[in-house]
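See structure below.
Numbering (this note's numbering), first residue to last: 95 to 196.
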């Protein structure tokens with residue numbers, strides 16, 4: 095079998111959500127706040143720029159949330175800029191699910 099293209103997947107944290115932990119841990123730790131990252135995924139290695147999911151409409155960047163997830167939260171354009179891209183450079187967007195906020 096020949097070698098195909100080598101793909102790299104770059105996660106970009108483009109938001110966070112604050113939940114009641116019990117909603118995420120099946121009835122354990124209700125009443126405890128839990129912060130989860132929301133990702134976009136940049137696929138490198140194809141002949142097109144591919145982005146999986148696009149994140150939230152309103153991004154909250156705060157020290158509290160960044161400390162909770164252990165990393166930086168990017169606005170959409172900032173996240174793409176890490177790889178010297180802008181939204182106009184994206185050829186294909188794949189949404190894995192639809193929510194009313196992203």
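Quick reminder that beta carbons are idealized off the backbone N, C-alpha and C, glycines included.
Since the structure is predicted, the reported quantities are computational estimates derived from the model, not experimental observations.
DSSP places residue 115 within a helical segment (H, G or I) once states are collapsed to three. Under a 10 Å Cβ-count criterion, residue 170 is classified as buried, with 16 or more other Cβ atoms of the shown protein chains found around its own Cβ. Beta-carbon to beta-carbon, residue 110 and residue 130 are separated by about 6 Å, close enough to satisfy the 8 Å threshold.
Sequence-distant Cβ neighbours of residue 113 in its own chain, meaning closer than 7 Å and more than five residues away, are 128, 130. Annotated as proximal: residue 134 and residue 145, with beta-carbon spacing under 7 Å. Taking C-beta atoms under 8 Å as the contact rule, residue 137 and residue 103 qualify, at a distance of about 6 Å. Contact between residue 143 and residue 184 holds, since their C-beta atoms are separated by about 5 Å, short of 8 Å. Counting only the Cα atoms, residue 181 lies some 10 Å from residue 187.
In the DSSP assignment, residue 163 falls within the alpha helix (DSSP H) that extends over 157-163.
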